[in-house]
Amino acid sequence: GRAELRGVAAPPRGAAWIFRGRVAAAPRPRRGDSVETGAHLRYASVSDETGGVSCQRSKRTRSVARRDFHHRMILSERSAEILALDIRGFVFFGAAAALLARLKREAGVDDEDEAPSPVSWVVLDCSDCAGVDATAVRACFVPFQQLLLQKRAKLLFCGLRPHVRESLERHGADLNRACFKTADAALEAAEDALLKRATAGQPTQRPPDSFDELRPLENAARPLEEILGEYLEDEKRDLAAAAGDLGKYFSRHSISQGDALFAHGDEAKTIYVVHAGTVDLKQAGKRIARVKRGGVLGELCFLLRHRQSLDAAAATHVDLWSLTRDSYDAMRRDQPVLHGLIQTALLKSMALQVSEGLSIGNWG
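Residue numbering for the sequence shown follows this note's numbering, starting at 17 and increasing by one per position.
As structure tokens, then:
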């Protein structure tokens with residue numbers, strides 16, 4: 017229900033009011049705001065499931081990184097290996113035991129069970145965690161982190177406020193290479209690690225306890241025929257027979273970091289395939305997709321003949337293949353088989369975007 021406190025002074029420094037039950041959401045007071053007698057105070061909404069702290073599975077289970085077909089399929093098939101949880105509220109000693117039990121249950125791990133964890137990475141999004149006391153760190157987060165390491169899994173933190181990070185580090189949590197600014201950055205790091213593990217031929221045997229695999233995945237260049245061929249498993253022979261003509265229609269060029277590919281409202285007259293580097297797609301200034309090596313962009317508005325709905329700019333130096341409207345029409349006229357193969361690859365890429373959009377919370 018709704019809770020209103022009248023004439024309640026601010027708690028002493030280092031303390032916090034603890035509410036059980038659900039409290040109506042309201043903007044947090046800003047620094048310098050005064051609390052006067054008779055004022056109505058309403059603070060953040062919390063859940064009572066762990067004594068005033070909420071631990072829920074995140075609605076967002078994938079980063080906004082858009083990769084080549086092979087990597088996208090690996091991430092789709094092995095998505096259960098990355099667990100994302102949202103922590104909300106103030107984590108104090110009274111909630112530590114219940115929160116630890118909830119974390120273990122979500123990760124499928126137990127102290128007495130010697131089996132490895134069914135997940136490889138647990139991402140804790142603490143953006144809405146108002147604080148954590150020393151006892152809660154030592155009784156909840158530290159043992160959970162140690163248990164995951166025993167099970168060959170890793171705990172990643174993101175969205176930590178400065179005082180929350182300080183408390184975690186001071187009381188025993190290891191944040192070295194395990195702390196990220198945003199949930200998207202943590203998820204992308206976990207995905208890179210999963211792909212390294214999968215492409216190294218180690219789908220079942222996990223490497224030693226090391227965070228080296230969380231380093232960004234190498235963005236090496238690949239031939240256009242190889243990238244397109246991954247979308248055309250049943251038509252690879254047809255593509256190989258026509259591959260010599262790809263150069264007639266796709267042109268190769270580079271752009272520097274920060275250069276724009278297109279802007280919202282531009283005519284959609286080109287499809288791009290990233291040969292090497294990274295392109296950011298933004299909507300109203302917010303990044304909603306990061307297209308990496310082998311990724312395709314611009315195809316949706318191109319095929320629908322709509323104007324561009326996003327802004328695209330190089331996040332790094334980028335090498336690209338481009339297919340213009342004139343070249344696309346010439347391919348349809350002169351090489352109908354190759355045109356049909358390219359169209360199939362583009363449709364599969366868009367279908368994957370829909371699937372991935374359900375996991376990242378947008379339809380970028």
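Quick reminder that beta carbons are idealized off the backbone N, C-alpha and C, glycines included. Treat the numbers as computed from the prediction; the structure is a model and nothing was measured.
Exposure of residue i, with buried meaning 16 or more beta-carbon neighbours within 10 Å
i, result
"G260", "exposed"
"G274", "exposed"
"S133", "buried"
"P224", "Because P224 sits at a pLDDT of 40, beneath the cut-off of 50, its placement in the model cannot be relied upon, and the following sentence gives the value as read from the coordinates. That one is exposed."
"A279", "exposed"
"A367", "exposed"
"E207", "buried"
"K308", "buried"
"K167", "buried"
Cut-off 6 angstroms between Cβ atoms - residues of its own chain near residue i, not counting five sequence neighbours on either side
i, result
"Y247", "F85, A361 and K364"
"A201", "none"
Spatially closest choice to residue i from the options, by CA coordinates
i, options, result
"L172", "L140, E185, T198 and P178", "L140"
"G147", "R168, A257, G124 and F109", "F109"
"I243", "A214, A305 and V289", "V289"
"R177", "P159, S70 and F196", "F196"
"S325", "T151, V107 and L313", "L313"
"R186", "A152, K167 and F160", "A152"
"R94", "V353, W137, G124 and D129", "W137"
"Q299", "R321, D327, G293 and G245", "D327"
Close-in-space but distant-in-sequence residues of the same chain around residue i (CB under 8 angstroms, 5 per side omitted)
i, result
"K285", "F318, T340 and R341"
"A112", "T151, A152, A155 and C156"
"S74", "A100, L101, D102, V139, D141 and A199"
"L240", "L262, F266, V289, H291 and W337"
Rounded Cβ spacing between residue i and residue j (contact assumed at less than 8 angstroms)
i, j, result
"N164", "K170", "Position check: residue 164 holds Leu in this sequence, whereas Asn was assumed. Sure, about 6 angstroms apart at Cβ, within 8 angstroms."
"I98", "A214", "So it is not a contact: roughly 12 angstroms between Cβ atoms."
"Q351", "A258", "7 angstroms"
"R82", "A305", "5 angstroms"
"P143", "G175", "Here residue 143 turns out to be Ser, not Pro, going by the sequence shown. Contact holds; Cβ gap of about 3 angstroms."
"F160", "L203", "F160 to L203, Cβ: 19 angstroms. No contact."
Proximal residues to residue i (C-beta, below 7 angstroms), its chain only, five neighbours per side dropped
i, result
"H269", "L336 and S338"
"H355", "M347 and R348"
"E283", "R323"
Minimum length 4: unbroken alpha helix (DSSP H) runs contained in the segment 132-209: Every alpha helix (DSSP H) of 4 residues or more that sits fully in the segment 132-209 is shown, in chain order, as 158-166 and 178-186.
- Item | Continuous beta strand (DSSP E) assignments of at least 3 residues falling wholly in the segment 317-371 | 327-330 and 334-340
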